[in-house]
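Numbering (our numbering), first residue to last: 7 to 987. Every residue, glycine too, gets a C-beta built ideally from N, C-alpha and C. Let me begin by presenting the structure, written as structure tokens, before commenting on it.
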Amino acid sequence: MFKFMGKKLAKVGESRGTILVFVFCLLAFALVQRLFQLQIVKGESYLTDFTMKIKKERTIKSTRGEIYDRNGYPLAYNKLAYSVTFEDNGSYSRQRDKNLALNSSMYGILRVIEDNGNSILMDFGIRLNKNDEYEFTREGVNLLRFKADIYGEAYVEDLDDEQKNATPDKMMEDMCGEKMYGILNPDYTDEELIEAKLPRQSEMSKETILKLAIMRSKVAANSYQKYMSTTLAKDINERTMSIIMENKDVYEGVDVVEDSLRIYNDSLYFAPLIGYTGQISLEEMEALNKDNEIYKYTDIVGKSGLEKSFESQLQGIDGSETMYVDNMGKVLMKDSKVAPQAGNDIYITIDRELQIAAYKILEQYIAGIVYANMIDEKQFNTEWTNSSDDIRIAVYDAYYALFENNVLDAKHLASDDATQNEKNVYQAFLSKQKAVFREIREQLTTANPRPYKDYDEVMEDEQWQAYMSYIVNDFLTQSTGILDADKIDKNDETYKAWTTDESISMQEYLDYAISAGWLDVSGLDVDSEYMDITETNNALADFIEEQLSEDDTFSRKIYKYMIMEGSLSGADVCLLLYDQGVLEQDDESYNQLSSGGISAYDFIRSKILNLEITPGQLALEPCSGSVVITDPDNGDVLACVTYPGYDNNRLANDMDSDYYNKLNTDLSSPFYNKATQEQTAPGSTFKLVSATAGYQEGVIGLYDYVNCEGKFDLIPENPPINCWIYSPSAPSTHGPLAMSDAIKESCNYYFNTVGYLLGKTDNEEEKYSDAKGMERLSKYAAMYGFDAKSGIEIDEIAPRMATADTTRSAMGQSNQAYTTSQIARYVTTLANSGTCYDLTLLQKVTDSSGKTLDEPEPVVHNRLELPTELWDTIHRGMRDVVNNSSAIKEMNKEYGDFDMAGKTGTAQQREDKANHALFISYAPCNNPEIAMAIRITNGYTSRNAALVAKDIMKYRFNLEEENDIITGSATIVAEDNTVQD
């Protein structure tokens, strides 16, 4: 039997097919065993290993360094806050799927944020205006940069013409279209919208659409790098945070993270100095990464002021963290971590209390000057006076300034919640606007249009010239561009007849412009090919009326002439201040004003007096000024004041675009640092340079007398120069003066003579050389630091030394111009008798733990090695300036041993403008602790600047109670503005 079975098996083994079956059975068994091992025995382990393959690198943001005053008071610091972030980690097969997913998340996140009282970040290049229309928030190169970012171009030059010229509506259409964010994709079905929890497009407001576009654009900006989070909202409350965290699985990619807000203390007084921060631009990133590539597109950097100047110190270094996450983004394991390094802290030389006090004192005096020089008139014509001393401020200019400088919101007059007074004013405006457009149409279509010059210079007709000039020069040329300035032939007789002779009408000029090809009527949306000139003019009138009815600038002109002609009274304007919350509600004052119990003139002056309406709000002249105070021993800047200030908290973190635009158009120019960027002639403050030059060059001795004859006319080819004490109607002279008394009296004639002597030659044919005089005078101006910027670490305009007319230059006029900071370095040099320091704002740099990293030594720009007797003469003359001044002589008479020295300066700019008021000083005289330079732009007379210095000295040296110096109301000054220097 066994033999039989063996034979059978042998036969089977000889079959090849059988062998193959056997082999396959073995392989199958092995495979099943292996699969069992992989999936059952070690399946969980291998699955974990697989999901951990998703590697994520996360940036850990560093903390920006803080800024402190010299005594350690925080001026710029970081506040802990919580932010909503979003990471787009999804994978999408189609753009349509991506848009639905992201729009669903963005809409849900937006609803959570806003329903709980927070808001998304709105710093964007497009906004909705009060007419619910899209408009740009940027202009020029910044606007082009925004467009490049949206259209995904690295450089502005890569934009095509269509993208460069895209309107706000066009950009919104592009962003909301299916090729970009798909917010308004008409192809979405109702089922898709319901599944994505998105409303129908017809149910979304323009505001919601804009917000979704902003959120999507922010996410898109980081799309180049996986796991890069985008901040959507900052400083959220606990309710928002709780709901977001509970719904992280619903809105995949959303998170709440610790963040910091940049906070500025005492912002009004420090904003122009400290500056503010904002998101880095591409241009800034390229510049900052030039030496070391540490900046990214999402970084926050200093945009102005010290925040910008010390960016390299304040900016920290981000850390990083490597981790493994699952496909839901859940962290499974952290691999490595590099801790962030906080930025360094900056201690500046500024004394916070002195800075605030100087600002308040300056504002009080500027308000006092406005108050003293305001008159109850419709206008002040500068032709009524021969002297800028007599210029006054018409109160009607103040009424109009409330509209012109956007203190009053003209658009709110038409809003649903307007008060009855606002509605009445608006109805009056509509009536006036209708009449204006009717007259414009008449002048464009009548057979006998009125020549421009035929409008007499009376108020009723002056307005029509203003309207027509605006239409031609601003609206048609600059705003719309349909009148192409580049095509206009400036030598054309018709052009001259309109601009120079004013002998033709607006209709005649525009008709000619059309025929000459200067004005392109194809932009009027009419079939111009088949229209005659009458139809074209009617179409132009329609276009002008339609466009100008929404033109804020043109509307303000209408309000101006409503005020001037009396159809809008001063009382009505002042009542609007209460209606719109500019003034706190006061029923008694409101009723008095509306009933005529108090005149509008007395009312607005009372509000100026109480600083309820500030010079900065009115933006009349004067409305600005600056003070720079230094330590004479080292050049430290103790105060750097520019008036008016602003709130930089509203520009940092999430920029308030409306506020930024308001500041940018504010006629008082708050962004323009008056201490370091405004230049004027130094006036008589410069005379100490001339005294130095005259003595050192040997052209005049300390006790050589110059007989002031009132009118300097030693150079026949130059116009005579009057000393301030002389006028044709009241000729007077100072008589013989030596140097010290010439400084005290600020005698122009004396220093004109010094300038003349500096240029005097031994050549019989050319007895005076202006070039020689300028060379010698400029040498000493440079010694006092006027040849270079002051050294202050924020943006500063370079000085402009005089280049001609030595006799006028010697008294501080001619074409020289300096900033207040540069004049402050000069007076610092005078105070310490010859060491010209570079001014500095930096006291020290420390790391975040307080360890000092840098404490710079004073930098000497130049040393003046002058004879002791010359310094004594200069100091004595400056001390006598104070002793001789009726306004400030009390400083050297009523406070014991305290004394101060100073020098007045009145810089004349234009005859139709009030003079600039300057004053330099230091104290105490024998051992100066502070030196200062003050300028009040259009401040009439140096006496006003000297009064500011007097009160700052009182505050600094505790000579009077603070409440008696800083009163919170305008400080009344004399109405007599006669120049005495």
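Start and end residues, beta strand (DSSP E) containing residue i
| i | result |
| --- | --- |
| Leu-859 | 858-860 |
| Pro-80 | 80-92 |
| Val-162 | From DSSP, Val-162 is part of no beta strand (DSSP E); its letter is neither H nor E. |
| Ser-266 | 260-270 |
| Ile-306 | 306-308 |
| Ile-926 | 922-929 |
| Arg-869 | 866-869 |
| Lys-909 | 907-913 |
| Thr-237 | 236-239 |
| Thr-841 | 841-843 |
Cβ pair residue i, residue j closer than 8 Å
| i | j | result |
| --- | --- | --- |
| Tyr-701 | Lys-717 | no |
| Asn-921 | Val-985 | yes |
| Gly-374 | Ile-971 | no |
| Ser-855 | Gly-911 | no |
| Thr-648 | Ala-681 | yes |
| Arg-268 | Ala-82 | yes |
| Ser-511 | Pro-455 | yes |
| Ile-942 | Ser-315 | no |
| Gly-791 | Gln-828 | yes |
| Met-938 | Val-588 | no |
| Asp-695 | Leu-743 | Before going further, note that residue 695 is Val rather than Asp in the sequence given. In this structure, Leu-743 does not lie closer than 8 Å to Val-695 by Cβ. |
| Lys-830 | Thr-559 | Checking the sequence shown, residue 830 turns out to be Ala, not Lys. Result no, Cβ atoms of Ala-830 and Thr-559 do not sit closer than 8 Å. |
Top-ranked residue by Cα proximity to residue i, from the options
| i | options | result |
| --- | --- | --- |
| Asn-1 | Asp-982, Tyr-161, Lys-136 | Since the first and last residues shown for the chain are 7 and 987, residue 1 lies out of range. |
| Glu-935 | Asn-667, Lys-61, Glu-968, Asn-640 | Asn-640 |
| Glu-514 | Val-478, Arg-656, Ala-491 | Val-478 |
| Pro-174 | Asp-167, Ser-815, Ala-441, Leu-134 | Leu-134 |
| Ile-399 | Asn-890, Asp-382, Gly-158 | Asp-382 |
| Glu-198 | Asp-957, Asn-105, Tyr-473, Thr-391 | Asn-105 |
| Lys-440 | Ser-555, Tyr-275, Tyr-365 | Ser-555 |
| Tyr-79 | Thr-355, Ala-345, Phe-30, Met-178 | Thr-355 |
| Thr-451 | Met-661, Ile-550, Ser-595 | Ile-550 |
| Pro-346 | Glu-139, Met-291, Gln-321 | Gln-321 |
| Ala-976 | Leu-669, Leu-626, Val-887, Glu-369 | Glu-369 |
| Val-262 | Lys-85, Ser-89, Glu-967 | Ser-89 |
| Glu-389 | Arg-916, Asn-724, Ser-561, Leu-657 | Arg-916 |
| Glu-684 | Ser-632, Arg-885, Asn-964 | Ser-632 |
| Asp-5 | Leu-37, Gly-622, Ser-690 | Given that the chain is displayed from residue 7 to residue 987, the structure contains no residue 5 and the question cannot be resolved. |
| Asp-578 | Asp-557, Ile-604, Gln-553 | Ile-604 |
Which of helix, strand or coil DSSP assigns to residue i
| i | result |
| --- | --- |
| Gln-347 | strand |
| Val-634 | strand |
| Pro-737 | coil |
| Phe-963 | coil |
| Tyr-113 | helix |
| Arg-70 | coil |
| Ile-936 | strand |
| Pro-725 | coil |
| Phe-677 | coil |
| Lys-136 | coil |
| Asn-454 | coil |
| Leu-216 | helix |
| Phe-757 | helix |
| Lys-850 | strand |
| Asp-642 | strand |
For residue i, the first and last residue of its enclosing alpha helix (DSSP H)
| i | result |
| --- | --- |
| Leu-149 | 146-156 |
| Tyr-194 | Neither: Tyr-194 is in no alpha helix (DSSP H) and is coded neither H nor E. |
| Tyr-432 | 426-451 |
| Thr-328 | Premise fails: Thr-328 lies in the beta strand (DSSP E), 325-331, not in any alpha helix (DSSP H). |
| Tyr-365 | 358-379 |
| Ser-969 | The identity of residue 969 in the sequence shown is Asn, whereas the question assumes Ser. That run of the alpha helix (DSSP H) goes 968-971. |
| Thr-834 | 826-837 |
Are the region 240-247 and the region 122-129 in contact at 8 Å, needing three or more beta carbon pairs?
yes
For the region 73-92 against the region 271-278, are there 3 or more C-beta pairs whose distance is under 8 Å?
yes
At a cut of 8 Å, does the region 760-772 reach the region 804-817 through at least three beta carbon pairs?
yes
Are there three or more Cβ pairs, one per stretch, closer than 8 Å when the region 951-958 is compared with the region 846-862?
no
Indicate whether the contact test is met: 3 or more Cβ pairs, each with one atom in the region 701-710 and one in the region 874-884, closer than 8 Å.
yes
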